[in-house]
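Worksheet: the structure to be examined is printed underneath.
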Amino acid sequence: MPEKSPVYFRPARSYSQDTGLVASMLAAFDAAGFPDMIHRHDVVAIKVHCGEWDNTSYLRPVYARTLADRVKELGGRPFVTDTITLPYSARASRASALDILITAERNGYSSAVLGCPFIVADGYTGRDDVRVELPEGYILKEAYVAAGIASADVLIALTHFKGHGIGMMGGSMKNLGIGCQSRRGKHNVHMGGHQLYSVGMSAEFHPEKCKGRLGCDRWELCEACCPWGLFHVSDTGITWEQERCTSCLGHLGVNVSCGVVGRPSAAAWEVTNAAIADACLAVVKVVGRDRVGFINMAIDIAPQCDCVNFSDTAMVPNVGVFASRDPVAIDAAA
Ligand code: SF4
Ligand code: SF4
Numbered sequence: 006m007p008e009k010s011p012v013y014f015r016p017a018r019s020y021s022q023d024t025g026l027v028a029s030m031l032a033a034f035d036a037a038g039f040p041d042m043i044h045r046h047d048v049v050a051i052k053v054h055c056g057e058w059d060n061t062s063y064l065r066p067v068y069a070r071t072l073a074d075r076v077k078e079l080g081g082r083p084f085v086t087d088t089i090t091l092p093y094s095a096r097a098s099r100a101s102a103l104d105i106l107i108t109a110e111r112n113g114y115s116s117a118v119l120g121c122p123f124i125v126a127d128g129y130t131g132r133d134d135v136r137v138e139l140p141e142g143y144i145l146k147e148a149y150v151a152a153g154i155a156s157a158d159v160l161i162a163l164t165h166f167k168g169h170g171i172g173m174m175g176g177s178m179k180n181l182g183i184g185c186q187s188r189r190g191k192h193n194v195h196m197g198g199h200q201l202y203s204v205g206m207s208a209e210f211h212p213e214k215c216k217g218r219l220g221c222d223r224w225e226l227c228e229a230c231c232p233w234g235l236f237h238v239s240d241t242g243i244t245w246e247q248e249r250c251t252s253c254l255g256h257l258g259v260n261v262s263c264g265v266v267g268r269p270s271a272a273a274w275e276v277t278n279a280a281i282a283d284a285c286l287a288v289v290k291v292v293g294r295d296r297v298g299f300i301n302m303a304i305d306i307a308p309q310c311d312c313v314n315f316s317d318t319a320m321v322p323n324v325g326v327f328a329s330r331d332p333v334a335i336d337a338a339a
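Counting from 6, one number per residue, gives the positions in the sequence shown under our numbering.
As structure tokens, then:
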């Protein structure tokens, strides 16, 4: 029977500065042995989700700042990082390095706040990556890890643990399996182009529900939301070149709410989750198994991911801080 991986936990309840979330995060960091991973002059990537424009439940930058200061005390060279989106939304504000830097700064993720650089790990258009072979992968046989993360000596995944539309929960595995992948890496995980398992290609299509240009004031956005121009709205209806869909999910929030584009197949959901786990493994492999640490901040646990441009109320009260070397164990514990 495999040995169980230790997970260190501090509860969210607090009665003093010593038991607050910042102190608890550092206590978990130390207890999990993360200081031993960091040697003098090591470049240390602190991977966060910087939050979508107008999302308010993403992690406050004080946690990343505190970790960056701790890394510097240990002799390391920290940077805080995130990657661009596919875009996942018609109104995405993180789909290029220019956009994500503007959004991140508005959300407090700037070098002035962090005391270290904030870097877009996969470059201006998400093409800066490292291909990782995955012969042991369950679904994926290769993954594309953002070069800024693949090149780091040490990776600390500082994760906001919350709900997620596909993964059901967004934890450490998703922070690596999606959040550390380049643009083509994200397409890869979402099975872009696969007839059965692509999130886009397997979605139901109900053109009979479309009101067309004459009846819908969003028809222009409906056509513009797809980077490949696959939706064609006429006066009375719509056609979709679904067979060319790459699963970028740019149409979310536009023609899903009107019922024209339906849910992906259940199989696509399951396969994507397995692919997230494979891609997470790729990140651990390329950085090094003994040089990756995971922190889950289980606070502000909204139903949706920080990728959406709003925040619902929390589903449960704040839980606390988890730290581990094992992404499966920490997500299971949280
Ligand atoms: S698919 Fe929906 S959003 Fe698009 S034009 Fe038709 S009714 Fe409007
Ligand atoms: S139809 Fe496919 S390629 Fe076009 S926006 Fe939707 S998911 Fe992206």
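The C-beta atom is built at its ideal place from N, Cα and C for all residues, glycine as well.
Whether residue i touches residue j by CB criterion (8 Å)
i	j	result
Val-291	Val-194	no
Gly-175	Cys-310	yes
Asp-59	Thr-88	no
Tyr-202	Ala-272	yes
Val-27	Tyr-68	yes
Leu-163	Val-53	yes
Leu-178	Thr-277	For clarity, residue 178 is Met in the given sequence; the question names Leu instead. Cβ distance not < 8 Å, so Met-178 and Thr-277 don't count as in contact.
Val-261	Lys-214	no
Phe-327	Tyr-13	yes
Arg-189	Tyr-129	no
Leu-91	Leu-254	yes
Gly-153	Ile-183	no
His-211	Gly-267	yes
Those residues which DSSP pairs with residue i across a bridge
i	result
Gln-186	Val-150
Lys-52	Thr-86, Ala-162
His-169	Met-173
Phe-39	According to DSSP, which records beta bridges pairwise, Phe-39 is partnered with nothing at all.
Gly-298	Ile-161
His-237	Thr-244
Phe-123	Val-85
Ser-329	Val-12, Phe-299
Phe-210	Val-266
Exposure of residue i, with buried meaning 16 or more beta-carbon neighbours within 10 Å
i	result
Leu-257	buried
Gly-293	exposed
Phe-315	exposed
Met-206	buried
Ala-155	buried
His-165	buried
Gln-200	exposed
Met-30	buried
Trp-245	buried
Gln-186	buried
Pro-16	exposed
Val-259	buried
Glu-275	exposed
Start-to-end residues for the beta strand (DSSP E) that takes in residue i
i	result
Arg-15	12-16
Arg-136	134-138
Thr-244	243-245
Segment limits, alpha helix (DSSP H) that includes residue i
i	result
Ile-107	102-111
Val-292	271-292
Cys-227	224-229
Thr-71	66-78
Leu-219	217-220
If you pair each beta-carbon of the stretch 140-155 with each one of the stretch 298-308, do three or more pairs fall below 8 Å? no
Is it true that the stretch 67-86 meets the stretch 33-52, where meeting means three or more beta-carbon pairs spaced less than 8 Å apart? yes
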